[in-house]
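First up is the structure itself, then whatever we jot down about it.
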Amino acid sequence: NAGVTQTPKFRVLKTGQSMTLLCAQDMNHEYMYWYRQDPGMGLRLIHYSVGEGTTAKGEVPDGYNVSRLKKQNFLLGLESAAPSQTSVYFCASSNGRSNNYGYTFGSGTRLTVV
Amino acid sequence: ELKVEQNPLFLSMQEGKNYTIYCNYSTTSDRLYWYRQDPGKSLESLFVLLSNGAVKQEGRLMASLDTKARLSTLHITAAVHDLSATYFCAVVVTHMEYGNKLVFGAGTILRVKS
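Below, the structure is given as structure tokens:
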């Protein structure tokens, strides 16, 4: 039972490069989320999705795009990376329509933009 | 917009002592989570609190929720070194159109000293 899998686990980008972070879940969850974690700021929501083909903005969406073409996958894209996007990125999923749902987090992607 | 405030942000404790971490949130919510994070690791779910007056305990940790005061507490009893970690509270916000999302506090870094 894999749960939530994030790839890659580590990446170094040069300013202006692009990349895509992949989140995959095997729990048939409806909801998926992308967060970034920076020291002293907790986890801040970038974008989220309440189902296949739908996405919504979170607290800090600028500079990121997302897609949810398949229910099990949620992609986070950086079109032109900036040093301010150096962070640890976490994906999470949830079956938000049940009465007793929880959130399952991936192991994180550590991204450095130089 | 929901704001979640934790205090203290850093806590240095002696082994065997008791202490409380506080989590205040600004708008109505029906669900609050406490998570633990070890350095370089993902988030581990500790408690979910669903109703006013809810109290949950696991080992030396006890969490409570007062929805009227919009306050949750995480009480640590007779701290041991293994409890050293960062603790986050997170509150669910439900949007009619975009579903639910999880908003985090900044986290409390707990260090237990021998």
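Chains A and B supply the protein sequences, listed in that same order. Under the working numbering, the first residue of the first sequence is numbered 6, with each subsequent residue one higher. Under the working numbering, the first residue of the second sequence is numbered 107, with each subsequent residue one higher. Ideal placement from N, C-alpha and C gives every residue a C-beta, glycine not left out.
- With respect to GLU64 (chain A), ARG41 (chain A) sits apart: the two C-beta atoms are not nearer than 7 Å.
- The beta carbon of GLU164 (chain B) lies closer than 8 Å to those of LEU152, PHE153 in the same chain, with the five residues before and after it left out.
- Closest in alpha carbon position to VAL198 (chain B), among B:ASN130, B:LEU117, B:PRO114, B:ASN124, is B:ASN130.
- Excluding its 5 nearest sequence neighbours in each direction, ARG73 (chain A) has C-beta neighbours in its own chain below 8 Å: MET37, SER54, GLY56, GLU57, GLY58, THR59, THR60, PHE79, LEU80, listed in chain order.
- In the three-state scheme derived from DSSP, where H, G and I count as helix and E and B as strand, HIS34 (chain A) is classed as coil.
- For ILE215 (chain B), DSSP records a beta bridge to B:PHE116, B:THR192.
- A residue is called buried when at least 16 other Cβ atoms come within 10 angstroms of its Cβ; ARG137 (chain B) meets this threshold and is buried.
- Taking 7 Å as the CB threshold, LYS162 (chain B) stays off the interface with chain A.
- SER132 (chain B) is a Cβ neighbour of LEU108 (chain B), given a cutoff of 7 Å.
- Note that the C-beta distance between THR114 (chain A) and LEU26 (chain A) is below 7 Å.
- For ASP172 (chain B), the uninterrupted beta strand (DSSP E) run begins and ends at 167–172, by DSSP.
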